[in-house]
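Input: a single structure, listed below in structure tokens.
Chains as they are written, first to last, in UniProt numbering: chain A, 1 to 217; chain B, 1 to 268.
Printed below as a string of structure tokens:
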């Protein structure tokens, strides 16, 4: 019952898949967060009416299942535009925009959570808009937005399992390859789950640590 | 007036289409041939202990890439995903044991057959059967519901002698054969070779090919890519001519003659 045909080579193969998952996640969360901050600030600053086109585009990314986005983006770029790009590029591009769409909401929520009187006070003291944003809004909004952002990052990491559809061999795909060869689905999925846990647990704990450190009581 | 302008516009639009490089040119200029291969279908496609793709189809893809002077990229595909992955442009050709059905030919372009799955007569050595006719009046069996089982049952009815026994799965059939409960069975040559090779079933052997229509499989690409289809047809011809086809058969399937890829009495 506890015998397995899993070898050291196969574990390395899984680790490579986990590395790919981490890489896709890191790139997407980074680009997605930068874009998300820009979009979020923009939406807050220009008001609902002027931000409507952007809101619409972001809503599209939030409401269409990621799997469909990946397939359509891949087909559009490679067959319609005839641009030769790797599946990894497509995967990172789509995931970044997907992350950005969610992150923009988190950022907007964070900014809105900063009390307006406080911001007016800052401006009354002679601070410029930029100073107000960086020295008053950012520190407060970050504290509010951090838990949601950690949740988003972990979510994107798990959603990255879908990028196998554009030929990126990440953790889940590597597991499926091994399942086909070794025919031990339950055992292999357990190991795969363990890998995901090992990756996400430190991120979740790091988020908890930051939250505690930043709270001012 | 308006319609004549429209017509002129249409004519202009049709004529103005520039001469385009076809897929054959695209592959050569890109330097990469992307083949869809099914990797859970040994011996045609599977993975080795280091999880690298191996198999008849993988080698065939590599040969095709070498003939084009490009590098091969094996893209793992499942059976139902073969044609969609081709249509969505994520692969250039399908080297995936695709049966050349007329239904598929409405959607994609098929080359001439590059391989054929034949059926073998596998017997219990004690029965003394040496060919297909020898099965007459004996106890035969196969996995219930398969093409081979239907064919065998039909044969038994035709002979009016002997017995047909259905089994739940292929392993049971070979086990029954090995234990002497069955005298003979018919199964795909690849499956028969693989099972005989395992040594789990002593006392069974492949004696002949069954006289059934083989399952011909073709290389597949987009149906409008005549340049590439043309090239691949010649490539398949060359594979057979140079003996590479027989070499790959020995390497992946086993000893013996590979299937004849031509059909007597008709072109192609």
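We treat Cβ as the ideally placed atom computed from N, Cα and C, and that holds for glycine.
{"query": "So residue 58/A and residue 122/A are in contact, right, with Cβ under 8 Å, and what is the actual spacing, rounded?", "result": "Going by Cβ atoms, the distance from residue 58/A to residue 122/A rounds to 28 Å, so no, they are not a contact pair."}
{"query": "For the region 246-258 of chain B against the region 124-139 of chain B, are there 3 or more C-beta pairs whose distance is under 8 Å?", "result": "no"}
{"query": "Please list the terminal residues of the continuous alpha helix (DSSP H) segment that includes residue 151/A.", "result": "138-159"}
{"query": "For chain A, check one thing: does any of its Cβ atoms lie closer than 9 Å to the Cβ of residue 1/B?", "result": "Low confidence applies to residue 1/B: its pLDDT is 48, below 50, so where it sits in the model is not reliable enough to give any reading."}
{"query": "Per the contact definition of three or more C-beta pairs closer than 8 Å, is the region 144-155 of chain A in contact with the region 200-208 of chain A?", "result": "yes"}
{"query": "Pull up the distance between the alpha-carbon of residue 201/B and that of residue 202/A, whole angstroms please.", "result": "52 Å"}
{"query": "Does any residue of chain A have a CB that is nearer than 9 Å to the CB of residue 37/B?", "result": "no"}
{"query": "With residue 147/B and residue 95/B assumed to form a contact (beta carbons below 8 Å), what rounded beta-carbon distance in angstroms separates them?", "result": "No, residue 147/B and residue 95/B are not in contact; Cβ-Cβ is about 23 Å, not under 8 Å."}
{"query": "With DSSP run on the structure shown, which of helix, strand or coil describes residue 105/B?", "result": "helix"}
{"query": "Check distances from the C-beta atoms of the region 43-73 of chain B to those of chain A and list, in chain order, the residues that come in under 8 Å.", "result": "46, 47, 49, 50, 51"}
{"query": "Identify which residue in 23/A, 9/A, 67/A has its Cα closest to the Cα of residue 98/A.", "result": "67/A"}
{"query": "If the criterion is Cβ atoms closer than 9 Å, does the pair residue 32/A and residue 156/A meet it?", "result": "yes"}
{"query": "Between 41/B, 67/B, 154/B, 91/B, which has its C-alpha nearest residue 235/B's C-alpha?", "result": "67/B"}
{"query": "Please classify residue 43/B: is it buried, with 16 or more other beta-carbons within 10 angstroms of its beta-carbon, or exposed?", "result": "buried"}
{"query": "Among 244/B, 243/B, 232/B, which one has its Cα closest to the Cα of residue 113/B?", "result": "232/B"}
{"query": "Measuring alpha carbon to alpha carbon, tell me which of 89/A, 200/A, 187/A ends up nearest residue 5/A.", "result": "187/A"}
{"query": "In the structure shown, what three-state DSSP assignment does residue 65/A receive?", "result": "coil"}
{"query": "Suppose only complete runs of 4+ residues qualify. What are the alpha helix (DSSP H) ranges in the region 105-139 of chain A, listed by chain order?", "result": "116-124"}
{"query": "Which chain A residues sit within Cβ distance under 9 Å of residue 40/B?", "result": "180, 181"}
{"query": "Tell me whether residue 97/B sits in a helix, a strand or coil according to DSSP, three-state version.", "result": "strand"}
{"query": "Can you tell me which residues form a DSSP beta bridge with residue 33/B?", "result": "72/B"}
{"query": "Under three-state DSSP, which class holds residue 218/B?", "result": "strand"}
{"query": "Only counting runs of 4 or more residues, tell me where the alpha helix (DSSP H) segments fall wholly within the region 43-68 of chain B, in order along the chain.", "result": "56-68"}
{"query": "Note down, in chain order, each residue of its chain lying with its Cβ closer than 7 Å to the Cβ of residue 149/B, except the 5 sequence neighbours on either side.", "result": "142, 143, 166"}
{"query": "Are the C-beta of residue 167/A and some C-beta of chain B separated by less than 9 Å?", "result": "yes"}
{"query": "Leaving aside the five residues before and after residue 188/B along the sequence, list all residues of the same chain whose C-beta is less than 7 Å from its C-beta, in chain order.", "result": "117, 119"}
{"query": "Within this structure, are the beta carbons of residue 37/B and residue 31/B separated by less than 9 Å?", "result": "no"}
{"query": "What does the Cβ neighbour count give for residue 276/A, buried or exposed, with the cut at 16 atoms within 10 Å?", "result": "Since the first and last residues shown for chain A are 1 and 217, residue 276/A lies out of range."}
{"query": "So within the region 161-196 of chain A, which uninterrupted alpha helix (DSSP H) runs reach at least 4 residues, ignoring any that extend past its ends?", "result": "171-182"}
{"query": "For the beta strand (DSSP E) containing residue 184/B, list its first residue and its last residue.", "result": "184-188"}
{"query": "Look up residue 163/B in the DSSP assignment and give the residues it is bridged to.", "result": "139/B"}
{"query": "To the nearest angstrom, report how far apart residue 168/B and residue 206/B are at their CA atoms.", "result": "21 Å"}
{"query": "Taking the beta strand (DSSP E) that residue 9/A belongs to, which residues open and close that run?", "result": "It is not in any beta strand (DSSP E) - residue 9/A instead sits in the alpha helix (DSSP H) that spans 8-50."}
{"query": "Closer than 9 Å by beta-carbon distance: list the chain A residues that pair up with residue 88/B, in chain order.", "result": "71, 74, 75, 78, 79"}
{"query": "Inspect the CB distances between the region 177-192 of chain B and the region 119-133 of chain B and report whether three or more fall short of 8 Å.", "result": "yes"}
{"query": "Against chain B, does residue 206/A count as a neighbour if the rule is that its beta carbon must be under 9 Å from one of theirs?", "result": "no"}
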